[in-house]
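J.:
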Amino acid sequence: MRYFARQYGEDEEKWGAIGLVHDLDYEKFPDQHCKKTAEILREENWPEEYIRAVVSHGWGICSEVEPLSTLEKVLFATDELTGLVATSALVRPSKSVLDMNAGSVKKKWKDKRFAAGVDRAVIEKGAAMLGVELTDLIVGTILAMREVAEEIGLKGSPSSEPNSQNV
Numbered sequence: 006m007r008y009f010a011r012q013y014g015e016d017e018e019k020w021g022a023i024g025l026v027h028d029l030d031y032e033k034f035p036d037q038h039c040k041k042t043a044e045i046l047r048e049e050n051w052p053e054e055y056i057r058a059v060v061s062h063g064w065g066i067c068s069e070v071e072p073l074s075t076l077e078k079v080l081f082a083t084d085e086l087t088g089l090v091a092t093s094a095l096v097r098p099s100k101s102v103l104d105m106n107a108g109s110v111k112k113k114w115k116d117k118r119f120a121a122g123v124d125r126a127v128i129e130k131g132a133a134m135l136g137v138e139l140t141d142l143i144v145g146t147i148l149a150m151r152e153v154a155e156e157i158g159l160k161g162s163p164s165s166e167p168n169s170q171n172v
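Numbers given in our numbering equal positions in the sequence shown, counted from 1, plus 5.
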């Protein structure tokens, strides 16, 4: 989210914090996804703007709160996409996003059995809401994930190197 905050000239700390907590409840309370995180964040006195962003990323899935701000739209658009990018990276020999390009993800996109839990329609809807081409959203998501590849376990083998020329 920090990467996208920079792209849109927004607050990296705010976007980064929201990115970190948006799925806080998912593993422990999957049936209450988004709702439980909102409760937790309210108890901790987080700003309502942050809570709204978290809840809106589940729009049409587990929430009726439509993403309206750029932050909300980016979170909505990239939430499912990061799963597809991560899964695509893990089946590569390098197990890394550092040497991945958009073509690799688009190739996997076509196979509905690959990462079957990823709702491609949500990603497409998010890209449309942002007014960006799907390929551009994929490129941005790969670049964003490269920045935190080590932290998210997608740095891969030592020979994996960023390939900014071929995203």
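Cβ coordinates follow ideal geometry from the N, Cα and C atoms, glycine included.
The model shown is predicted, which means the values in this text are computed figures rather than measured ones.
Compare the C-alpha of residue 143 against each of 42, 112, 26 and name the closest.
T.: 112
J.: Within the chosen definition, does the segment 125-140 reach the segment 84-104 through at least 3 CB pairs nearer than 8 Å?
T.: yes
J.: In the segment 28-76, which residue ranges form an unbroken beta strand (DSSP E) of at least 3 residues, counting only runs that do not cross its ends?
T.: none
J.: Closer than 7 Å by C-beta to residue 123: which residues in its own chain qualify, once you throw out the five before and the five after it? Chain order, please.
T.: Excluding positions up to five away in sequence, the list reads 85, 88, 89.
J.: Between residue 79 and residue 6, how many whole angstroms is the CB-CB distance? I'm expecting something under 8 Å.
T.: 7 Å
J.: By how many angstroms is the C-alpha of residue 91 removed from the C-alpha of residue 45?
T.: 27 Å
J.: Please classify residue 102 as buried or exposed, where buried requires at least 16 other C-beta atoms within 10 Å of its C-beta.
T.: buried
J.: Give the straight-line distance between the Cα atoms of residue 154 and residue 98, rounded to the nearest whole angstrom.
T.: 16 Å
J.: Give me the Cβ distance between residue 14 and residue 82, rounded to the nearest whole Å; I'm assuming they're in contact under 8 Å.
T.: Wrong, their Cβ atoms sit about 18 Å apart, outside the cutoff.
J.: Pick from 93, 118, 34: whose alpha carbon is nearest that of residue 108?
T.: Looking at the Cα atoms, 93 is the closest of the given residues.
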